[in-house]
Amino acid sequence: MSAEPLDATFAALADPTRRAMLARLAEGEATMTELAAPFAMSQPAISKHLKVLERAGLISRGRSAQRRPCRLEASPLETAIGWLEQYRRR
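Per our numbering, the very first residue in the sequence shown carries number 50; after that it's consecutive.
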């Protein structure tokens with residue numbers, strides 16, 4: 050397994066704002082506006098957080114008319130869990 054995707058996953062998870070966004074997306078898809086609501090941040094700052102999550106493969110963004118809903122993508126999390134699991138058993 051290449052370390053690069055795993056590094057991107059852990060780097061994305063290192064920020065509490067991004068973890069909160071992922072927790073919200075675990076409940077279902079949301080727009081950037083909906084994800085930004087709990088945070089006192091500018092739209093560009095929220096956008097940067099979403100780009101980090103998207104580059105790590107943790108979210109995907111759809112394109113439906115005026116909305117670009119974000120969705121949680123579990124695969125990178127499953128990879129990280131698998132990597133951590135090998136150390137838990139020791």
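Ideal placement from N, C-alpha and C gives every residue a C-beta, glycine not left out. From a predicted model like this one, the values you see are computed outputs, not experimental measurements.
For residue 67, the closest alpha carbon among the candidates 80, 95, 135 and 76 is that of 95.
Proximity to residue 84 across 127, 70, 105 and 77 peaks at 70, based on C-alpha coordinates. Within the same chain, and ignoring the five residues on either side of residue 79 in sequence, the residues whose Cβ sits closer than 7 Å to its Cβ are 73, 118 and 119. For the set 89, 106 and 112, the Cα lying nearest the Cα of residue 122 is the one of 106. A distance below 8 Å between beta-carbons, with the five flanking residues on each side excluded, links residue 60 to the following residues of its chain, in chain order: 101 and 105.
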